[in-house]
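Numbered by mature numbering (1 follows the signal peptide of the UniProt record, and there is no 0), the letters in the sequence shown go through residues -21 to -1, 1 to 1228 in order.
Ideal Cβ positions, reconstructed from N, Cα and C, are used throughout, including at glycine.
Have a look at the structure below before the remarks.
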Amino acid sequence: SGGHSHLCVCVCVCDFAFIICTQPHLCNLLFVPSLPTVKQPPTIVKQSVKDYIVDPRDNIIIECEAKGNPVPMFSWRRNGKFFNIGKDPRVSMRKRSGTLEIGFRSGGRPEDYEGEYQCFATNDFGVALSSKILLRVSKAPLWPKEVLEPVVVTEGSPLVLPCNPPPGLPPPFTFWMNSMMIPIPHDKRVSMGLNGDLYFSNVIAQDAQTDYSCNARFLFTQTIQQKNPFTLKVPHSLCSSRRHLASRRKVAETMPTFLSPSGSESSKMVLRDERLLLECIAAGLPTPTIKWFKKGGDLPVQKVKFENFNKTLKIVSVSEEDAGEYVCMANNHVGSIRHSIIVQVKAAPYWLDKPTDLVLAPDENGRLVCRANGNPKPNIQWLINGQPINSSLPNPSRQVLGDTIIFRSVQMGSSAVYQCNASNQHGYLLANAFVSVLDMAPRMLDPKTRLIKVVENNRTFLDCPFFGSPLPELRWFKNGQGSGLDGGQYRVYINGTLEIKQARAEDAGTYTCVANSILGSANKQVHLEVKEPTRIVQASGHQSVIKGSTVHLECKVKSDPSLPVTVTWTKDDKPLYLGWRLKKDGESLTINNVNEGDEGTYACTVKSEIDQDSSSARLTVLGTGRREEHHCPPDPPIDLDLSDPAARSVRLTWIPGNDHRSPITEFLVQFEENRWEPGRWQNLSTYPGDLNSVVLQLAPFVNYQFRVIAINSVGQSQPSRPSLRYKTSGAAPDAIPKGLRGWGSKKDNMEITWEPLLDLERNGPNLHYNVFWRQKDTGEEWSNVTTLESKHIVSNTDTYVPYEIKIQARNDFGSGPESNVVNGFSGEDNPTDAPTELRVSKVNRTKVNVHWKSVDPSSVQGEFKEYRLYYWRESSLVPGLVVSKEKKTKGFYSTLAEPSGILSDLVPYSEYKMLMVVANSRFEGPPSNTVEFTTKEGVPDAPRFFRISRRSFDTIHLEWDKPLEPNGILTGYQLKYQTVNGSRLGRPQLEMFPPNVTDFTLRLLDRSTRYRFYLSARTQEGLTDASVASPLTPTPPLLTPLPPTTIAPTTISTSTTTTPPTTISTSTTTTTTPSTTTTTTTEATTTPSPPVPVTTRRTDQNVLGTCSYIDQVDIATQGWFIGLMCAIALIILILLIVCFIKRSRGGKYPVRDKKDLPLDPVDQKDQDGSFDYHSDEDNKPLQGSQTSLDGNVKESDDSLVDYGEGGDGQFNEDGSFIGQYTVKKDKDETEGNESSEATSPVNAIYSLA
């Protein structure tokens, strides 16, 4: 009530402290030296420990410090009675303090002052109490005198040497040495127990070479007392005194037995937060290995540590969940033995909600809460100023309710100190909390400005500790703007802390908190910087390496650039010291010449000033001289145990087998049940390799048994022995049959089908199915049937009637859940009616509108699918053109009375017929009337081919064929061509040809001129304009082209000899698109240059046509050609000389093998969308070309090409011409130049040879 009852703020005023906080993690202690006048009840700030042991040689000091305003006065009680310090000359109290000093210079015994002490600090506003301090004097008694006879023990037998140190206060620290003060080495065979005794798992002859003495070191006196030493005698039989070691009898091996603890089971009680030590020491030959497990759960890996060669299990701070049954197993190759230790965890009282100081303004409300827990549950007692609250004067503003005191409308002068005492048989807690009533204006308890750096996406708290009475109202602002931050991404706590739930980069800035009350205001600024997280983005996993090899452990880090980071490596949680073998190189650790000492867990930790990240990896060293086991899979798990039985679960615990130095990565749990599939083992689940206790989720009414398979990097172990059987109780089915549907296999029935439940879904015996159905929207009752099958047929139904269907599974334990209602239908029949008045309208080249009248829905007699139109091309109006009469269909879905649709993709200038039927899911109805119609004339398709051949250096011969689909009466052809000079185009020249002319010869006025050609077929509908773009930047076609044909390019020699006519041709079969002009575009050039490929592309109304080039020149008059011939003559002369020399020496000259390189079977597509058919010669450098840095050849715009001979080209769907023009070289020259090394003079000689 009043809104402040849960407030707690921590304020230190000079020597005084107030506390205000709502949550423990938000409470801060802050100093404000400017408030010396604040009145405060006393507070205990320092005291001696509850169990206080002192050294008898020193003075006794019992501490008690307190703060308050006015300064507190101190008094003491001893053993519950007032301790009069003034009457004892040995006792004094320090000034301004309650600390006692007891000196013994003038005599006296420290033991006389043993007892229970308690300090009281008092001022005008209350009394604070210290805890009760039990004072005891340290004792170091002497070892009792004893005579120890030699211990005689046979070799291989176990031995325990008792220590029995004298009882001291505190207990002494024990260790074993010999009479020469040399420590006895401990190992797996010989070690000291928790009680100080020395245990030998088995004795060997060398153990008799020294003696054994137990030593006790007392902490306070720092003295060591030594027990008389034990001497051992280990008799053995000898064949001769000279070779007694070699002739010693062989010791018999024995299976393990426990030396400590004894028996098969023991128990231990430990208090919460104390240290738990469990010990198992075993005898046996060979020396047994100890392993630890926890029944019904996993060992808490983060808390458990193993010491004394795995013989001791230690948990530093025990909690209630650590209670349970711990199992230690000792095994060697002779056998194994187990011991169970039942651990009980009790608890002295511990705080759940500790009372804290309360500052209230007049007429405010508040509360003190004191909650504690323990085992057994503690008793709560309230005191006020050191006296039981029940015996104090009544206060109408105070109400005690168990562990809570409620204050209402407090007034000035009601300040006091309250104590809460929580106690049980194991201990007690005492807490002081004052209630102070005062008035004070708001003030900040932190510096006025503060810089905070946080990690992105983390939960962030901005503290704003403040003080005021009455409690001020606090608000936060960002960058000095807004109406206050609270809600959504932000949350403001009552103590002033602002929480940002997930800090992002945009949250960076300056935050201001303002505290207001009726007495004034105060503010503070916090500058927030949001940094990227520090993360390890790449780390090594577990590795197994061979001894002597080198291993690299990665630790790649990503962090905020403004934050420096440090990377450290540890091995087995200990610092790693680098040297010549271990080197840290940037973000990795390298270990050279790996040995067995390098085996362990390596951790990489990266830290910045605000966060850190770590990653670990296990390193296993193989081939270390020990028996090689790493090539083996693990041994099967043993000792499967079932616990925590429940209706549908059970806990399975097992002990892992030997992993043979390859860590177990996974356990596979399998089950077998003897009801449905006896003898068949099935996989249940997999679990990580560090678990050995899991809860299995099971199905009802199954008689299970389980087995476990261990898996490591080598493979799987053999299955473990099966566990005991565990039978789950039966239950009604949980599952609902899937796949429920109703459909008619005949016109008068409905088949209801579903998927049967799996065996493990039955949950009980006598599984059957309840099937329900009823006709939809009739209001009739459900019909039902019970069946064992997964199908039921409902007979004598009307044709295509809707039904509602549902199903449920049932067994002897009851019925399972019902399924959702599913709609089904009885069987369909042939539709009885045909669509009527089928007709067409708006007939054009490729489309026609179709109209008809629909049928009565009831005549469909099934689920209406579509009106199905059958149409076919009866003939073409072009004389002599043969067409296919294949029937095609198109469906129309419409529920209108007079529906219509559009039929497209028709061929122009053709006669068509059509009819229509109505269709349901299974049948078609009778046909409608047949309709005939004729499509209009359209633009012709592309010519079948377009060939360009060379007749002489001065002429180009063009040849083509009529279109495959004229789409009308062909009236002729149009050829348009123009010169091309770089990016400039010459004036177009137009040639018109009648339909019976299919060739044309063009005489070239200038041999170095490039040309671009356009060829179009014409009907009465005309032809559309063709637009042409630069051939270097063509627009890709909008229509998907037909698959292009790969054309084998040919070449022509550039020598001055007579050249036979050669041709380049392309051909294609296309489908006419009426909206497309049939135009073939080709470019040619007559500039002298080595040959280059030629590409042609289609054009249409919306697509820019692309050009092909043919370059032609009379090279006989070119200077470069004359120089080339001279060079060839010189090379031939050099070759002849080389051949002559080699022949005269009997040697052989090299001849380069000729290679026939096949063409790439895949058409390469340019970036501009064109298809380029090429040979390997296309990739060779051209004269006048530039070679880029990466070895690619860049074609110059003014490169010159000769006409060549080639295969047929191809037209795209839109009629554009696609082809390639290359020049054919003489065979010898072509083959000789195939090597990229032909530019070398020596290679040229080899090639010509």
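Shown here, Ala340 sits in coil according to DSSP, grouped into three states, outside any helix or strand. Ranked by Cα distance from Gly353, the options Ser402, Glu816, Tyr849 are led by Ser402. Inclusion of Leu943 and Arg923 in the CB contact set at 8 Å is warranted, their separation being smaller than that value.
Trp722 is bridged by DSSP to Glu730. For Val681 against Glu645, the beta-carbon gap comes to about 24 Å, at or over 8 Å, which does not count as contact. Residue pairing of Trp752 in beta bridges, as defined by DSSP: Ser762, Ile784. Val249 is positioned such that its CB atom lies closer than 8 Å to that of Val324. Judged by beta-carbon spacing, Trp455 lies within the 8 Å limit of Cys492, meaning their Cβ atoms are closer than that value. Between Lys293 and Leu255, the C-beta gap is smaller than 8 Å, which places the two residues in contact.
Its chain contains Pro615, Gln649, Trp660, Arg686, Val687, Ile688 as the residues whose beta carbon lies nearer than 8 Å to that of Pro698, once the 5 sequence neighbours on both sides are disregarded; these appear in chain order.
Taken through DSSP and simplified to helix, strand or coil, Val283 comes out as strand.
With a contact defined as Cβ atoms closer than 8 Å, Ser376 and Val389 qualify at about 6 Å. Between Thr383 and the set Phe413, Val416, Met419, Arg346, the nearest pair of CA atoms involves Arg346. With fewer than 16 other Cβ atoms inside 10 Å of its own Cβ, Trp559 counts as exposed.
Close CB contacts of Ser528 within its chain, under the 7 Å cut and outside five residues either way in sequence, are with Val573 (chain order).
The Cβ atoms of Tyr178 and Ile260 sit closer than 8 Å to each other. Here His639 is buried: its Cβ has 16 or more other Cβ atoms, across all protein chains shown, within 10 Å. Restricting attention to Asn181, Thr998, Cys142, Ser538, the CA atom closest to the CA of Cys193 is found in Cys142. With a minimum length of 3 residues, the unbroken runs of beta strand (DSSP E) contained wholly in the region 840 to 879 fall at 845 to 855, 867 to 871. Distances from the CA of Ser538 to each of Ala518, Asp590, Gln204 were compared; the closest alpha carbon is that of Asp590.
In the DSSP assignment, Phe1119 falls within the alpha helix (DSSP H) that extends over 1098 to 1123.
Counting only residues of its own chain and dropping the five nearest sequence neighbours on each side, Asn809 has a CB closer than 6 Å to the CB of Phe902. Residue state for Ile64 is assigned as helix, using DSSP reduced to three classes.
Look at Gln19 here: in three-state DSSP terms it is strand. Residue pairing by DSSP places Asn310 opposite Thr268, Ser315 in a beta bridge. A distance below 8 Å between beta-carbons, with the five flanking residues on each side excluded, links Ser243 to the following residues of its chain, in chain order: Arg317, His318, Ser319. Annotation for Asn403: the continuous beta strand (DSSP E) segment containing it runs 395 to 403. For Asp103, the CB contacts under 7 Å within the same chain, skipping 5 residues up- and downstream, are Pro49 in chain order. When the five nearest sequence neighbours on each side are left out, the beta carbons in the same chain lying within less than 6 Å of the beta carbon of Glu95 are those of Asn58, Lys111, Leu113, in order along the chain. Buried is the label assigned to Asp301, since at least 16 other Cβ atoms lie within 10 Å of its Cβ.
In the DSSP annotation of this structure, Asn474 is not part of any beta strand (DSSP E), being labelled neither H nor E.
In this model, Lys1121 and Ile1113 are separated by some 12 Å (Cα to Cα).
Ranked by Cα distance from Pro341, the first of Pro367, Pro68, Val416, Phe197 is Val416.
Between Thr439 and Val28, the alpha-carbon positions lie close to 37 Å from each other. Within the region 792 to 829, the runs of beta strand (DSSP E) at least 3 residues long that lie entirely inside it are, in chain order, 801 to 804, 815 to 820. With a 10 Å radius around the Cβ and a threshold of 16 neighbouring Cβ atoms, Ala1106 comes out exposed.
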